[in-house]
Amino acid sequence: MFLKNVERRGINLEVVNATHESIEIFSKVLNDSATWLNSINQPMWKHEDITSEELLKKYRVEDMKLCYEKGELIGVYILQWYDPLFWENLMENESGILHKLAVCRENAKKGYGSKLIQSAELMCKEHNIKWLRLNCGTFRDRLRNFYESNGFKMVDRVFIDNRDQIRYEKFLK
Numbered sequence: 002m003f004l005k006n007v008e009r010r011g012i013n014l015e016v017v018n019a020t021h022e023s024i025e026i027f028s029k030v031l032n033d034s035a036t037w038l039n040s041i042n043q044p045m046w047k048h049e050d051i052t053s054e055e056l057l058k059k060y061r062v063e064d065m066k067l068c069y070e071k072g073e074l075i076g077v078y079i080l081q082w083y084d085p086l087f088w089e090n091l092m093e094n095e096s097g098i099l100h101k102l103a104v105c106r107e108n109a110k111k112g113y114g115s116k117l118i119q120s121a122e123l124m125c126k127e128h129n130i131k132w133l134r135l136n137c138g139t140f141r142d143r144l145r146n147f148y149e150s151n152g153f154k155m156v157d158r159v160f161i162d163n164r165d166q167i168r169y170e171k172f173l174k
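Count the sequence shown with my numbering and you get residues 2 to 174, in order.
This is the structure we're talking about:
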């Protein structure tokens, strides 16, 4: 079941909420990305933390998004409306909070990461939410540059959940 067919501003994605039946697909994309990140000595996610079972302990299944273009899965992300761990001072539905953004490996380096972010921005706007926020490891320079090139501004540096993090936000006009 498709959630949104996002076709504005050059984005032609079908964004689908994960279900208990499709969460394995979601988890596989994250695991493929984790394997690749490990291979370039940039580990991010532990495989045991991104199994379907572990994801469901931390996130609602309907917050997990599968993104398709012309029927082909291009990537995944989690879009929450509340995150008391990384954004405890925010109220529910005050921001969209992006987690676990991953592009399918066969679609890497094709600009899909930015399209995934744009689709999350559009969902926020449809919910009358003016901010998209995320966190990123302090020493992940390439990833931080990617987020900054997509309009995110650094809010602060925090130590949360035993991790040194930069928190970012983007105002959605």
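Note that CB positions come from ideal geometry on N, CA and C, so glycine has one too.
Bounding residues of the alpha helix (DSSP H) (the contiguous stretch that carries residue i)
i, result
"Val30", "Ile24 to Ser40"
"Leu57", "Ser53 to Lys59"
Same chain, Cβ closer than 6 Å to residue i, neighbours up to 5 away in sequence not counted
i, result
"Val104", "Gly76, Tyr113 and Gly114"
"Arg9", "The pLDDT assigned to Arg9 is 46, lower than 50, so where the model puts this residue is not dependable; a value taken from the coordinates is nonetheless given after this. The answer is none, since no qualifying residue turns up."
"His100", "Ile79"
"Met2", "Only weak support exists for where Met2 lies, its pLDDT of 39 falling under 50; the coordinates are left without a value."
Close-in-space but distant-in-sequence residues of the same chain around residue i (CB under 7 Å, 5 per side omitted)
i, result
"Asp64", "Ile79, Leu80 and Gln81"
"Val156", "Arg168, Tyr169 and Glu170"
"Lys131", "Phe172 and Leu173"
"Ser28", "Ile51, Thr52, Ser53 and Leu56"
Short Cβ contact (8 Å threshold) for residue i with residue j
i, j, result
"Cys125", "Leu173", "yes"
"Ile26", "Leu67", "yes"
"Gly97", "Leu133", "yes"
"Leu14", "Ser150", "no"
Close beta carbons around residue i, own chain, < 8 Å, minus the five adjacent residues each side
i, result
"Arg106", "Asp33, Ser34 and Trp37"
"Ile185", "Nothing about residue 185 can be reported from this structure: the residues present for the chain run from 2 to 174 only."
"Ser40", "none"
Terminal residues of the beta strand (DSSP E) in which residue i lies
i, result
"Ile79", "Glu73 to Gln81"
"Tyr113", "Per DSSP, Tyr113 belongs to no beta strand (DSSP E); it is in the alpha helix (DSSP H), Tyr113 to Glu127."
"Leu99", "Gly97 to Val104"
"Leu67", "Met65 to Glu70"
"Glu89", "Taken as a continuous stretch (DSSP letters only), Glu89 belongs to no beta strand (DSSP E), as it is neither H nor E."
"Glu15", "Leu14 to Asn18"
Residues that DSSP places opposite residue i in a beta bridge
i, result
"Gly138", "Gln166"
"Arg158", "Ile167"
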